[in-house]
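Protein chains in written order, with this note's numbering: chain A, 1 to 339; chain B, 1001 to 1339.
Protein chains: 2
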Amino acid sequence: MSLDERKSKILEAIILDYISTAEPVGSRTISKKYDLSISPATIRNEMSDLEEMGYIEQPYTSAGRMPSDQGYRYYVDYIMKKNKLDEAIERLVISSFKGKIDRFDDAIRISMELIAKITRYPSLILAPGSESSSLSMIRMLKVDEKRALLVVITENNQVENIFVDLPYEFKESDLDLLTSVINSKLSGTRISQWNKTIISELYGDLLKQKDVLATVLDSIEDRLNQKKEHRVYLTGIIQMLNEPEFRDVDKVKNILSFFDDKRILEDVLTKNSQIENFQVLIGNENEAKEIKECSLIKRSYSFQGDFQGVMGVLGPKRMDYSNAISLLELISEVLERKK
Amino acid sequence: MSLDERKSKILEAIILDYISTAEPVGSRTISKKYDLSISPATIRNEMSDLEEMGYIEQPYTSAGRMPSDQGYRYYVDYIMKKNKLDEAIERLVISSFKGKIDRFDDAIRISMELIAKITRYPSLILAPGSESSSLSMIRMLKVDEKRALLVVITENNQVENIFVDLPYEFKESDLDLLTSVINSKLSGTRISQWNKTIISELYGDLLKQKDVLATVLDSIEDRLNQKKEHRVYLTGIIQMLNEPEFRDVDKVKNILSFFDDKRILEDVLTKNSQIENFQVLIGNENEAKEIKECSLIKRSYSFQGDFQGVMGVLGPKRMDYSNAISLLELISEVLERKK
DNA sequence: TGTTAGCACTCTGTCTGATTGAGTGCTAAC
DNA sequence: GTTAGCACTCAATCAGACAGAGTGCTAACA
C-alpha cells in the first residue's frame, strides 16, 4: 500500500516533528513549520485520510496526530533517506578503535560505549558464545600435587581457565603428553562437533588416563555451556530515562526488568539475525512485551571475518532511525576489517 | 544523649510503624496499634519533646511524625535488638553455598544474589583487587611463532590471561626457563611489593631476555591495575523501585547513576572498612550525594581467611536494619569458614 | 504533678466546576 | 480541489469547597 507524494510529505512532517517534540502534532504546525505551501484545512483532510489508512493516530478526539507503528514502518522503509553520519562522529568512531581492535573484548566494549554515547540510547551487544568457536589448543599447568589449571584457548583467542582436581598425582610431563594427544585430535574443531566418534577415539588413545580425560572434557563442556548465558554486553540504560516517554516509574521498571534478564536479551538479539543482516523492529513488532513501546535496531556483525554476533540500540519509537542505522553500519564495518 | 523508657518506646513504635507503612504516623495510631497503655494526648506531648530533641520530624504542620536520621541512628544503636534470622532463611543461605564455596567468584555471586533476594534491596560486593593478592606463579604458553599466552595465578586462585607479543621467536623451553626464574623471585610477593630491588635483581638474572621480561612485567602490572576498576559486583536494582520512596523518576535516575559509576561504588564501600568491621550509614551520614536518602549497611569479609572485601546492602532509610545486619553477619561467617 | 478529654486549628488531598487553548471536522464559498 | 470560517471536543490548569488526619492548647481530673 503506497502513498501519493503529498500524503507522504505530510506523514514525513508529522514524524519528524513528533521525533523532535514528542507531542502530538496538529495541522497548523505542519503548515507553518514545514514548507508544503498548503493550508491547514487541506492538511486536515489529508491527515484524516492518513488516519483512516492506519499511518497516524490520535490520542483523543481533537488532539494532534502521532505516528502509528505502521507509520514509522512506512517512514523507515520508504521515506527516510539514509543520510551520512556526521563527519566528526565518523572520525570519533574510527579514532576510538585505533590500536584497540585486537582483543575481541576491548573491541566490543568500545563499540558498546560508542553506540550508547552517540545515539544516547542503551546499546546491547551479543558476543558469540565460546561453544560456537573452535578449539585452538588446551594446556594443563600443574598447580599443586593433585590440582591442575586447564587453559583452553579458542581460535578467536578467547581464553578459559578451569581448575581441575586430578584423581592421582601427575607429573608435569604427563600432563603435557595428555594435552598434546587431546590437541592433536580436537584442535580446530568446535565443541558442538565433539561427537561420539571423535571422543571414543580419544579414549582409545588415552586408555590409561581415561578418568582424567573425562574430567577434562566435562570441565570444558560445562564451562563453555555456562558461559553461554553471559554473552550480552550492555550499557547506557540511564540515558533512556531522560526521554519524556519514561516519565513514569512503571515504564522504567518495565524496561529495567527487560534489561535485567540476560536470557530475554539474548533471545531478542538472536531472533532472525541469521536470516536478516539488518533489522528494525518497531513497537509491537517486538515480541518481548517489555519493549512494545520501543524500537530496536539490530545489526549482525562478524569480528575480523571470524565469528558472529549481533549489536543493537534500543530507543523510543520516535528515535532517529537514520542516524542509528548509519552508526551500526559503520561500527560493524570497522569490526569486520581484518587488521 | 539518652531517652527515658517511655520516649524510647514511643520512638520505637514510630519507627516500626513508619518502616512498615512509609506514612507519617500520628499519636492515635501509636496508642491503638502499639500497646503502651497511654492516651494519644500524652503521646502527643512526648512526640513534641522527641521532635524538639531531633529524633523525629514532621513533613508539615499537622501531619504525623516520621523518624529523622538521628532517630534511626538512636534506634539502630540503642533500641533495636538483633533478633535472629528466620530459621528457614538461615537454612536457605547455608544450602545455597553447599558445594560451591571453593571458587571465589561463585561464592561472591551467590552471596550477592542471596542478599538481594532476602532483603529485597540491591546488594553490592567489593571483591579484593588482584593487586592486593600475592603471586602464586606465572607460566607462558607458546601460541604461535611470536606470541605467547601469559597465565598469571594468584594465591587465591584467581587467574589472569594476557597475550604477549614476543620481540623474537622463542622456544617453549626458553619460555619455561624464563618463567621459572621469574617465579622463583616473585612467587609469594604482592604486585604492590615489586620494588626496584627485586626487579633489578631479576633483570640481573635475565640479562639476555630483558626486553621480554619488561614486556611480561608491564603486562602483568597493566592488567592488574586495569582490573582494579571492575571489582564491584552488583544486583537487585529493580527491586528498589518497588519502594514507595522511589515513585519519582528523578530519584530513580539519581540512584541508577549512583550504581552506574563503579568508582563511586568502590569508594563508598572501601571508606573506613579497614577500621570498622561493620558499618551502618544512615541518610546524610553517607558521603555520596546520590544516596543521602538511603541507608547503607556494610560488612567487611574475608574469604577463607585469605583476603578481604566488603559486602553491603543499600535500602531506603526505613529498611529492616536488624534483619539485614544478621544476614550479612551470617554470610560473611560462611565465606570466612575454611572448607 | 502527670494524664487525659475536648476542641479549635492547620494542612494535604481530592473533588468540582469554570476557563482556556489547541486542534479537529464540517460546510460553504472560491 | 482548495480554503476560510465556525462550532465542537477534549485535556490541562486553576480556584474554591470540603473532608480527614493530626496537632497543640486548655481545662479538668486523679
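By construction, the Cβ of each residue, glycine as well, lies at the ideal position given by its N, Cα and C atoms. Every value quoted in this text rests on a predicted model; they were computed, and no experiment measured them.
- By the C-beta criterion, the segment 14-24 of chain A is judged to be in contact with the segment 48-66 of chain A, since at least 3 inter-stretch pairs fall below 8 Å.
- Under the DSSP definition of a beta bridge, Asp1144(B) partners with Arg1147(B).
- In this structure, Leu330(A) lies away from Val76(A), with their beta-carbon atoms at least 9 Å apart.
- For Ser1257(B), the chain A residues whose C-beta falls within less than 7 Å of its own C-beta are Ile238, listed in chain order.
- If you look at Asn286(A), you'll find it isn't in any alpha helix (DSSP H); DSSP assigns it neither H nor E.
- Within the DSSP secondary-structure output, Thr154(A) pairs in a beta bridge with Leu135(A).
- What Phe1097(B) touches in chain A, judged by beta-carbon distance under 8 Å, is nothing: the nearest beta carbon there is about 18 Å away.
- Taking a 10 Å sphere around the C-beta of Lys1084(B), we find fewer than 16 other C-beta atoms and assign the residue as exposed.
- DSSP links Thr1235(B) through a beta bridge to Ser1123(B).
- Taking a Cβ-Cβ threshold of 7 Å, the residues of chain B close to Lys253(A) are Ile1238 and Leu1241, in chain order.
- By the rule that beta-carbons nearer than 9 Å mark a contact, Asn1161(B) touches chain A.
- In this structure, the CA atom of Ile1275(B) is about 11 Å from the CA atom of Arg1299(B).
- The alpha-carbon separation between Glu1290(B) and Lys1208(B) amounts to approximately 54 Å.
- Its Cα nearest to that of Gln58(A), the residue Pro24(A) stands out among Ser257(A), Pro24(A), Tyr78(A) and Ser173(A).
- Closest by C-alpha distance to Ile282(A), out of Gly315(A), Phe259(A) and Ile255(A), is Gly315(A).
- In the structure shown, Ser1187(B) falls within a coil segment according to DSSP collapsed to helix, strand and coil.
- By the neighbour-count definition (other C-beta atoms within 10 Å, threshold 16), Phe258(A) is a buried residue.
- Counted as a single uninterrupted DSSP element, the beta strand (DSSP E) harbouring Gly312(A) occupies residues Gln308 to Pro316.
- Assignment of Leu1036(B) by DSSP, reduced to helix, strand and coil, places it in the coil class.
- When secondary structure is reduced to three states using DSSP, Leu1281(B) falls in the strand class.
- Taking a contact as a CB-CB distance under 8 Å, the pair Gly1312(B) and Leu1296(B) counts as one, their CB atoms being some 6 Å apart.
- One thing to note: Lys1253(B) has its Cβ no nearer than 9 Å to the Cβ of Glu1293(B).
- Taking 8 Å as the cut-off between beta carbons, the residues of the segment 1140-1158 of chain B near chain A are Leu1141, Val1143, Leu1149, Val1151, Ile1153 and Asn1157, in sequence order.
- Within the segment 1071-1100 of chain B, no residue places its CB atom closer than 7 Å to a CB of chain A.
- Met112(A) has a beta carbon lying at 9 Å or more from every beta carbon in chain B.
- With respect to chain A, the C-beta atom of Asp1174(B) has no partner C-beta closer than 9 Å.
- Each of Lys146(A), Gln279(A) and Gln70(A) was checked against the Cα of Glu52(A), and the nearest Cα belongs to Gln70(A).
- In the structure shown, Ile56(A) falls within a strand segment according to DSSP collapsed to helix, strand and coil.
- Less than 9 Å divides the Cβ of Gly236(A) from the Cβ of Ser123(A).
- Contact between Phe104(A) and Asn157(A) holds, since their C-beta atoms are separated by about 7 Å, short of 8 Å.
- Looking at the DSSP output, Asp165(A) bridges to Arg147(A).
- Beta-bridge partners assigned by DSSP to Lys298(A): Gln279(A) and Gly312(A).
- Collapsing the DSSP output to three states places Met1066(B) in a strand.
- Contact residues of the segment 11-31 of chain A toward chain B are absent (C-beta to C-beta distance below 8 Å).
- Measuring C-alpha to C-alpha distances from Leu265(A) to each of Pro244(A), Leu234(A), Ser95(A) and Thr215(A) identifies Leu234(A) as the nearest.
- Scanning Ser68(A), Val212(A), Asp320(A) and Phe246(A) for the CA closest to the CA of Asp165(A) turns up Val212(A).
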